[in-house]
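Engineer: The opening position of the sequence shown corresponds to residue 87 in the working numbering, with each subsequent residue numbered one higher.
Quick one: the structure is below, and I'll ask about it shortly.
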Amino acid sequence: MATPRVKIKQKPGRKSKWATHVENNLERIPKLKRQGLTDAQIAKVLGVGYTTFRDYMKLYPSLQSALKSGKECLIEDLEDTLYKKALGLCKVKKVKTVEVLDARTGTMKIIRQETSNDTVAPDTGSLVFCLKNLASARWQDRRVTDTNVTSNIEELQAIANTLTTIGEKGIDKSQFEEVEDNEPK
Numbered sequence: 087m088a089t090p091r092v093k094i095k096q097k098p099g100r101k102s103k104w105a106t107h108v109e110n111n112l113e114r115i116p117k118l119k120r121q122g123l124t125d126a127q128i129a130k131v132l133g134v135g136y137t138t139f140r141d142y143m144k145l146y147p148s149l150q151s152a153l154k155s156g157k158e159c160l161i162e163d164l165e166d167t168l169y170k171k172a173l174g175l176c177k178v179k180k181v182k183t184v185e186v187l188d189a190r191t192g193t194m195k196i197i198r199q200e201t202s203n204d205t206v207a208p209d210t211g212s213l214v215f216c217l218k219n220l221a222s223a224r225w226q227d228r229r230v231t232d233t234n235v236t237s238n239i240e241e242l243q244a245i246a247n248t249l250t251t252i253g254e255k256g257i258d259k260s261q262f263e264e265v266e267d268n269e270p271k
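Here is the structure:
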């Protein structure tokens with residue numbers, strides 16, 4: 087007697103693109119992130135919808151770590167570049183001057199070797215940005231001032247009492263000098 091075949095139920099719909107589109111490209115994702123691509127752009131490059139890509143980020147920690155490592159490398163590179171630009175760049179350029187001695191054999195002789203330094207002036211915008219982040223206590227746009235009202239309470243009460251007295255009695259005009267206005271109207 088033959089054994090009956092058992093059918094395994096499969097979920098309806100198409101298969102996930104995780105294995106074919108994303109998992110195969112996990113080593114490529116940090117490189118894409120270092121190039122400055124957003125998560126939506128990476129999803130498009132991989133051929134996956136952005137909402138599906140976000141779902142994969144929640145489900146698969148390997149995708150999260152690939153995105154995170156690429157972002158961290160990008161931030162480090164940007165910080166290094168900003169720091170170098172803030173201080174000013176100095177590039178050493180070597181120039182070789184070569185003369186061909188024999189055209190048949192192709193032997194060459196270096197006649198002169200020059201070295202030049204190319205410098206780029208520091209960028210003030212980068213300097214300010216770096217200082218605001220590195221020494222934020224001294225380089226803030228807005229200073230936080232501590233207004234301690236409790237120490238001035240006696241002075242404020244004296245002013246309030248004076249204003250109350252003036253309000254009750256009125257202003258004594260004899261205390262003020264009259265100034266004549268000689269300007270034509």
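Here a beta-carbon is modelled for each residue, glycine too, at the ideal position from N, C-alpha and C.
All values derive from a computational prediction rather than experimental measurement.
Identify the residues that DSSP records as bridge partners of D204: which are they?
Structural biologist: Sequence index remark: in the sequence shown, residue 204 carries index 118 (1-based). BP columns for D204 point to K177.
Engineer: Check whether the Cβ atoms of K107 and G133 sit closer than 7 angstroms, and answer yes or no.
Structural biologist: Within the sequence shown, the letter at position 21 stands for residue 107. Within the sequence shown, the letter at position 47 stands for residue 133. The sequence as given places His at residue 107; Lys does not occur at that position. Yes, they are a contact pair.
Engineer: Between the region 160–174 and the region 203–218, do three or more beta carbon pairs fall short of 8 angstroms?
Structural biologist: At 8 angstroms Cβ cutoff, the stretches touch.
Engineer: Below 8 angstroms on the Cβ atoms is my guess for L112 versus A152; work out the distance and round it to an integer in Å.
Structural biologist: In the sequence shown, counting from the first residue as 1, residue 112 sits at position 26. In the sequence shown, counting from the first residue as 1, residue 152 sits at position 66. With 8 angstroms as the limit, L112 and A152 qualify as a contact, their Cβ atoms being about 5 angstroms apart.
Engineer: When the cut-off is 7 angstroms and only beta carbons count, does L168 lie next to chain C?
Structural biologist: Considering every chain present, this structure includes no chain C. It has just one protein chain.
Engineer: Using only the alpha-carbon positions, how far apart do T251 and L242 sit?
Structural biologist: Position 165 of the sequence shown holds residue 251. Position 156 of the sequence shown holds residue 242. Straight-line Cα distance between these residues: approximately 14 angstroms.
Engineer: Of the residues Q150, Y169 and K117, which one's Cα is nearest the Cα of D209?
Structural biologist: Locating residue 209 in the sequence shown gives position 123, counting from the first residue. Nearest of Q150, Y169 and K117 to D209, Cα basis: Y169.
Engineer: Going by C-alpha to C-alpha distance, which of T138, G122, L149 and K177 sits closest to I161?
Structural biologist: In the sequence shown, residue 161 corresponds to position 75, counting from 1. Out of T138, G122, L149 and K177, G122 has the C-alpha closest to the C-alpha of I161.
Engineer: For the alpha helix (DSSP H) holding R190, just list the boundary residues, first then last.
Structural biologist: By 1-based counting over the sequence shown, the position of residue 190 is 104. From DSSP, R190 is part of no alpha helix (DSSP H); its letter is neither H nor E.
Engineer: What's the gap between the Cα of I128 and the Cα of K119?
Structural biologist: Position 42 of the sequence shown holds residue 128. Position 33 of the sequence shown holds residue 119. About 8 angstroms.
Engineer: Considering only their Cβ atoms, is the gap separating K177 from D204 smaller than 7 angstroms?
Structural biologist: Counting from 1 along the sequence shown, the entry for residue 204 is found at position 118. Counting from 1 along the sequence shown, the entry for residue 177 is found at position 91. Yes; because the gap between Cβ atoms is below 7 angstroms, this pair is in contact.
Engineer: Compute the Euclidean distance between the alpha carbons of N248 and Q226, then round it to the nearest angstrom.
Structural biologist: Position 162 of the sequence shown holds residue 248. Position 140 of the sequence shown holds residue 226. In the sequence as presented, Asn is not what sits at residue 248; that position holds Thr. One C-alpha to the other measures close to 40 angstroms.
Engineer: Hey, how far is the Cα of G253 from the Cα of A244?
Structural biologist: If you number the sequence shown from 1, residue 253 lands on position 167. If you number the sequence shown from 1, residue 244 lands on position 158. Those two C-alpha atoms are separated by around 14 angstroms.
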